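*Asks:* A single structure is presented below for examination.
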C-alpha cells in the first residue's frame, strides 16, 4: 500500500503520539506499506518546526531517512485536479493533498474529518 501521510499523522509518528493507533499503526508498520509525503506536507512540517508550533526537533532530512519516507513530486496537472475539487475543505493545501493522493494512486493517512469527505482512499 502506498501511503501519503498528512502533516498531523507525520507529526504524531515522529512524536510517538498515542493518538496514532489502530489502522494507522497497522498500515504504517506493514511490510507492504511504502510511506510518502507531499511537498506541501514537507514544507508544512518544516514551517511548523521553525515556528515552534510542534514539539519536534528532528530535521526533516533525518526524519525522511529514519522512516524511509519518499517525498513525492506533484504530478504536472495536480493543480487542475485540486481546483476541480468541491470546497469541502477550506484549506487549499489540504485540497492539493487530496488531489495529489488521487493523481498518484495513494491511500491518504489522515485524521482530518473534512479530508475524509472527499472520494479518496483514506485510513
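Residue numbers (the numbering used here): 3 to 125. Cβ coordinates follow ideal geometry from the N, Cα and C atoms, glycine included. Being a predicted model, the structure only gives us computed values, none of them experimental.
#1: Judging by CA-CA distance, which residue of 99, 69, 92 and 102 is the nearest neighbour of residue 18?
#2: Using only CA atoms, which one of 10, 90 and 41 lies nearest to residue 2?
#3: Can you list, in chain order, the residues of its chain whose CB lies under 7 Å from that of residue 122, leaving out five sequence neighbours each side?
#4: Just verifying my parser: in three-state terms, what is the DSSP assignment at residue 78?
#5: Quick check: the stretch 87-99 against the stretch 54-74, are at least 3 beta-carbon pairs closer than 8 Å?
#6: Where do the ends of the alpha helix (DSSP H) carrying residue 112 lie?
#7: Buried or exposed: where does residue 48 fall if 16 or more other Cβ atoms within 10 Å of its Cβ makes it buried?
*Replies:* This is what the structure gives:
#1: Translated into positions along the chain shown, residue 18 becomes position 16. Taking only the C-alpha atoms, the option nearest residue 18 is 69.
#2: This structure cannot settle anything about residue 2, because the visible part of the chain is limited to 3 through 125.
#3: Against the chain shown, residue 122 aligns to sequence position 120. The residues are 100, 103, 104 and 110.
#4: Start at 1 with the first residue of the chain shown, and residue 78 comes out as number 76. Of the three classes helix, strand and coil, the one that applies to residue 78 here is coil, per DSSP.
#5: no
#6: Here residue 112 corresponds to residue number 110 of the chain shown, with the count starting at 1. Residue 112 -> no alpha helix (DSSP H), and no H or E assigned at all.
#7: As a position in the chain shown, residue 48 is number 46, starting the count at 1. Classification of residue 48: exposed, given that the 10 Å Cβ count is below 16.
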